[in-house]
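Notes follow once the structure below has been shown.
In the working numbering, the protein residues as written are 284 to 715.
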């Protein structure tokens, strides 16, 4: 058995070892660790909590009256210029006001607007989480790719070293030329350079990987990939397009924004028509604070319930007409923008399906190419060691083997990341 064959067999045995080490990261485990360590996620969560508190505040404001407590004291009066601070000069009052109806902005419309803002903030938080999870997956597969490329570069270098050794031995026996020895040495040096390049790329990818989990930049990390291709049923269902139209985060945010625009548009239009308000009030004076005499009982406290009707008409109604037209145009623009986004999303989902189907077929083909090229390279190496195979023929086979192995690594990355982005289109939570 040649050295190349032995190394490849050992690599296959290591790859087939089932249990992962205790410190091994899977994509799901890494995404979870990144989300827990992310300052961006803490900031996004803070913004969401703030929106939640604002929503609760608006609810209370709409459901309950607003209270005002007033205290007054006269220190100086022109009729009595003495500076004083006497109890009988203290005045106090407690008032409550409650808007029951407003045709241009009722409490109910304020609650609806606040609820829409809250839902939008929640979606913004989920969108940020989705983006952070995708960022983590890209870092994860970048490290996976570079680690695997280091492995393929080591196998390639072992093959080149074996070839150089055989070429030297055959040159001594007179079956190989000096030029072939020089070429073989150059290939070996190129293999060393390729390995060094792969190791540098792996070190950089490891630093980027560790950055997101607050680990030491150069800390070694073990990762394990279990590709989703095995459980993927093709063709992907066409009904996924309808699912995306319902659940996609970005589209849901647009719908909330459109609904909010409808409410503000209605309020804006109604503000340009005769405006009706109904308000309730309550007021009590002479509260007896700071020694102030308690106010008389007759008419204290006082209650009120009233309505007002106002007629805004600008410059003979022209300004009102222009304001209403502008509000209507803004609403139509938002509706058309949503329609355009729905069309684009449907196309994106169906296009992504075609890309995934192609990537699955490509991965299967590359897997076959790697297997076939491995057998070819092993056979040529055995023949070359015996002085049979042509130098150029073996060199081409080794290059093809390296390219096929790297293509296989890239195919795994591309397919898994494509599936993650596809889930984003469908509005799924990629971190789960």
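Each residue gets a CB set at the ideal place from its N, CA and C atoms; glycine is no exception.
Secondary structure of residue 561 (DSSP, three-state): strand. With contact defined as three or more Cβ pairs closer than 8 Å, the segment 664-675 and the segment 408-419 are not in contact. Collapsing the DSSP output to three states places residue 670 in coil. With contacts defined as CB atoms closer than 8 Å, residue 320 and residue 495 qualify as a contacting pair. Look at the beta carbons and you see the segment 516-535 not touching the segment 335-345: under three pairs across the two are nearer than 8 Å.
Note on the segment 360-427: whole beta strand (DSSP E) runs with a minimum of 3 residues are 374-385, in chain order. Around the CB of residue 329, fewer than 16 other CB atoms lie within 10 Å, so the residue is classed as exposed. DSSP, read as helix, strand or coil, puts residue 440 in helix.
Between residue 557 and residue 592, the C-beta spacing is below 8 Å. Boundaries around residue 592 are those of the beta strand (DSSP E), 585-593, since no alpha helix (DSSP H) includes it. Just measuring C-alpha positions, the residue of 346, 390, 538, 357 sitting nearest residue 560 is 390. Contact annotation, residue 485 with residue 429: C-beta distance approximately 4 Å; criterion of less than 8 Å satisfied. At the C-beta level, residue 649 and residue 431 stay beyond 8 Å of one another. Per DSSP, reduced to three states, the secondary structure at residue 352 is strand.
Straight across, the Cα-Cα distance linking residue 550 with residue 585 is about 32 Å.
For residue 465, the enclosing alpha helix (DSSP H) covers residues 461-494.
For residue 508, no alpha helix (DSSP H) segment is defined, and its DSSP state is neither H nor E. DSSP places residue 529 in the helix class (H, G or I) of the three-state scheme.
By the Cβ neighbour-count rule, residue 322 is exposed, with fewer than 16 other Cβ atoms within 10 Å of its own. For residue 685, same chain residues with a beta-carbon under 7 Å away, outside a window of 5 residues either side, are 435, 439 in chain order. Going by DSSP, residue 310 is part of the alpha helix (DSSP H) stretching over 310-320. In this structure, the beta-carbon distance from residue 317 to residue 425 does not fall below 8 Å. Between the beta-carbon of residue 629 and that of residue 528 there is about 7 Å, and that keeps the pair under the 8 Å contact cut. Looking only at 682, 698, 631, 647, the smallest Cα-Cα distance to residue 710 is reached by 631. As for any alpha helix (DSSP H) of minimum length 4 sitting wholly inside the segment 597-668, the runs are 601-668, ordered along the chain. Residue 587 sits away from residue 613, with the two beta carbons spaced by 8 Å or more. When the Cα atoms are used, residue 555 and residue 712 turn out to be separated by approximately 44 Å. Note on residue 687: 16 or more other CB atoms within 10 angstroms of its CB, so buried under the neighbour-count rule.
With fewer than three CB-CB distances shorter than 8 Å, the segment 634-642 does not count as touching the segment 565-573. Between residue 356 and the set 373, 488, 522, the nearest pair of CA atoms involves 373. Contact annotation: residue 539 and residue 402 have beta-carbon atoms nearer than 8 Å.
One thing to note: residue 694 has its Cβ no nearer than 8 Å to the Cβ of residue 656. Secondary structure of residue 566 (DSSP, three-state): strand. At a Cβ-Cβ threshold of 8 Å, residue 386 and residue 546 do not count as neighbours.
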